[in-house]
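Residue numbers (the working numbering): 1 to 196. C-beta: ideal position from N, C-alpha, C; glycine also. Being a predicted model, the structure only gives us computed values, none of them experimental. Since the structure comes first, as structure tokens, the remarks are kept for the end.
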Amino acid sequence: MKVVGLTGGIGSGKTTILKCFKAFDIPVYIADDEAKALMNRSKVIKRKLIQLFGESAYKHDKLNRPYLASKIFNDKSLLSKMNAIVHPKVASHFKRWLKKQDAPYIIKEAAIIFENNLENQYDYIITVIADKDLRIKRVMQRDNASKEKIQSIINNQLSDDEKVKRSDFVIVNNDLETAKAQAKDIHQQLLRLLNC
1 MKVVGLTGGI GSGKTTILKC FKAFDIPVYI ADDEAKALMN RSKVIKRKLI QLFGESAYKH
61 DKLNRPYLAS KIFNDKSLLS KMNAIVHPKV ASHFKRWLKK QDAPYIIKEA AIIFENNLEN
121 QYDYIITVIA DKDLRIKRVM QRDNASKEKI QSIINNQLSD DEKVKRSDFV IVNNDLETAK
181 AQAKDIHQQL LRLLNC
């Protein structure tokens with residue numbers, strides 16, 4: 001079974017595009033969601049995160065995300081250490097999940113495929129892009145975040161131009177109907193490539 005990566009910067013509309021693929025009966029794995037779930041569920045991850053960040057890493061037995069975000073935002077080494085704890089667990093969870101799927105291909109959504117040089121884990125990669133102003137507006141509405149905070153996240157991510165160069169397919173998600181049509185076209189191309 002082929003693994004198709006779906007990536008894109010913050011506010012590009014990856015979740016919206018995933019819904020399109022779900023509508024085509026393609027199984028979807030959202031790496032960030034699974035990471036968050038495992039950080040709450042796994043006793044091993046919990047113990048290691050408390051060792052790394054202290055008791056405040058969890059509040060009322062749930063991951064204290066604002067606290068962790070404040071710690072890793074300006075400290076790349078802490079982020080790397082956290083990823084080294086969480087990512088291997090997510091990878092093994094994904095392998096187990098993949099074995100249960102029955103489809104010509106699956107979509108694995110991960111925000112930082114290129115940033116972490118993980119291209120070799122995918123047979124094809126789709127990048128979702130959108131105009132920067134639109135992305136900022138979407139995230140301000142969704143997360144109630146400041147323009148400055150969103151801009152700093154965008155600045156920390158690889159540019160859309162760089163992602164597009166390294167992708168097999170691109171969806172421009174400025175307009176929902178156009179983006180849906182592009183997703184459908186990519187789905188059909190993938191089926192043809194996979195002789196389905």
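Flag this pair as touching only if the segment 135-146 and the segment 179-188 have three or more C-beta atom pairs under 8 angstroms; answer yes or no.
no
According to DSSP, residues forming a beta bridge with I154:
DSSP, once it has assigned bridges, lists no residue as partnering I154.
Just to confirm the assignment, what range does the alpha helix (DSSP H) spanning Y67 have?
65-73
In chain order, what residues of the same chain lie with their CB nearer than 7 angstroms to the CB of K62, ignoring the 5 residues before and after it?
Excluding positions up to five away in sequence, the list reads N40.
I72 versus F53 - alpha carbon distance:
10 angstroms
By DSSP, does E115 sit in helix, in strand, or in coil?
coil
Between A57 and A84, what straight-line distance do the alpha-carbon atoms span, to the nearest angstrom?
16 angstroms
Assess contact between the segment 40-49 and the segment 165-179, defined as three or more Cβ pairs (one per stretch) separated by less than 8 angstroms. Is contact present?
no
Three-state secondary structure assigned by DSSP to L194:
coil
Going by DSSP, what residues sit across from E109 in a beta bridge?
L6, I30
Can you tell me whether D160 is buried or exposed, with buried defined as 16 or more other CB within 10 angstroms of its CB?
buried
Reduced DSSP secondary structure (H/G/I, E/B, other) of K227:
Residue 227 is absent from the model: the chain starts at 1 and stops at 196.
By DSSP's criteria, F169 is part of a beta bridge. Which residues make up the other side?
For F169, which the question treats as bridged, DSSP gives the partners I126.
Beta-carbon separation (whole angstroms), L134 vs V90, contact threshold 8 angstroms:
That pair is no contact at about 29 angstroms.
Determine the closest residue to K147 out of I10, R96, S80, with distance taken between C-alpha atoms.
Nearest of I10, R96, S80 to K147, Cα basis: I10.
What's the gap between the Cα of I30 and the Cα of G13?
One C-alpha to the other measures close to 13 angstroms.
Check whether I129 and I113 have beta carbons under 8 angstroms apart
No. Outside cutoff.
Let me know if C20 comes out buried or exposed under the rule of 16 or more other beta-carbons within 10 Å of its beta-carbon.
buried
Can you check which of these residues, L176, N116, P104, is closest to N195 by C-alpha distance?
P104
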